[in-house]
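K.L.:
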Ligand SMILES: Nc1ncnc2c1ncn2[C@@H]1O[C@H](COP(=O)(O)OP(=O)(O)OP(=O)(O)O)[C@@H](O)[C@H]1O
Ligand SMILES: [Mg+2]
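Written as structure tokens, this is what we have:
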């Protein structure tokens, strides 16, 4: 049987001043799966991601990544996280240095680091930004550079936290195309349900720290009562139209 990429079992987490942020969360992701994580503000999506990456220590439960338990504070190169705010991720004087930071810390040679920087900036369509300072880039450009920085580590799994926040239509479309062709297993938290429909094979719905649905994105999001009970709406593209306008010339 195929080894799962990620197994989260009965995970619970409280912040010192906010309890029960994650409550008995169990989730399994197979290699190659693209899973969307949806849910209202404060549902616990970012907290779950930080626990999966070993940044937060759960109060109970277990996280196993590619067959090995995740322990708090221990860096696991198999997983990379793209943060909700790119400014939390980019801090070097040039884009090239920022993307090189991770591979350098893996102890790679100068040549290998340079090759990875070029490769990941090319993959994300951001090679022309290599010599620009990250703090001069637009929001969409920063996003693609922070994705490049994660990909340069060659993680087997990537967690994307709201990667389309503040992107314009063209940048959002570029991100969708990039995600559709990406080879890594991924988990993506997003309020953009249409994006989740376009890029994910499965969706997990979270509310108040619990997983309340886990299944096919279209079927789950077509359940208007379920969506509304958890502060969401059935996406426009799944609502039958009197006058079809999707796919019009
Ligand atoms: N550092 C923290 N200390 C205390 N409480 C926190 C902290 N970070 C988040 N919380 C609380 O934990 C809950 C879950 O927050 P989290 O950021 O995981 O939600 P989310 O699902 O990612 O929301 P959003 O859709 O707004 O990004 C919220 O009630 C939030 O106020
Ligand atoms: Mg969040």
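In the working numbering, the protein residues as written are 1284 to 1532.
Beta carbons: idealized from backbone N, C-alpha and C, even for Gly.
#1: Below 6 angstroms CB to CB, which residues in the same chain sit around residue 1383 once its five sequence neighbours on both sides are set aside?
#2: So the candidates are 1339, 1492, 1499, 1346; which of them puts its Cα closest to the Cα of residue 1311?
#3: Contact check, residue 1289 vs residue 1305 under 8 angstroms by CB: the rounded distance?
#4: Let me know the secondary structure DSSP gives residue 1493 once reduced to three states.
#5: Under 8 angstroms by Cβ, that's how I've got residue 1533 and residue 1377 pegged, so tell me the actual separation to the nearest angstrom.
#6: Does the structure place the region 1316 to 1327 close enough to the region 1466 to 1476 that three or more beta carbon pairs sit under 8 angstroms?
#7: Count the other C-beta atoms from every protein chain shown that fall within 10 angstroms of the C-beta of residue 1363, then say buried if there are 16 or more, exposed otherwise.
#8: So for residue 1415, helix, strand or coil by DSSP?
#9: So which of 1380, 1431, 1479, 1286 has the shortest CA-CA distance to residue 1406?
#10: Flag residue 1301 as yes when its Cβ comes closer than 7 angstroms to any non-hydrogen atom of ligand 2, and as no otherwise.
P.N.:
Let me spell this out:
#1: Residue mapping note: residue 1383 aligns to position 100 of the chain shown, counting from 1. 1396, 1400, listed in sequence order.
#2: Against the chain shown, residue 1311 aligns to sequence position 28. Here the closest residue by C-alpha is 1346.
#3: The residue you call residue 1289 lines up with position 6 of the chain shown. The residue you call residue 1305 lines up with position 22 of the chain shown. Residue 1289 to residue 1305, Cβ: 15 angstroms. No contact.
#4: To locate residue 1493, count along the chain shown from 1; it is residue 210. Residue state, collapsed to three classes: strand.
#5: With the chain running from 1284 to 1532 in the structure shown, residue 1533 is simply not present.
#6: A contact is defined here as three or more CB-CB pairs under 8 angstroms, and the region 1466 to 1476 meets this definition with respect to the region 1316 to 1327.
#7: Translated into positions along the chain shown, residue 1363 becomes position 80. So residue 1363 ends up on the buried side.
#8: As a position in the chain shown, residue 1415 is number 132, starting the count at 1. DSSP places residue 1415 in coil when its eight states are reduced to three.
#9: Against the chain shown, residue 1406 aligns to sequence position 123. Proximity to residue 1406 across 1380, 1431, 1479, 1286 peaks at 1431, based on C-alpha coordinates.
#10: To locate residue 1301, count along the chain shown from 1; it is residue 18. Every heavy atom of ligand 2 is 7 angstroms or more from the Cβ of residue 1301, so no.
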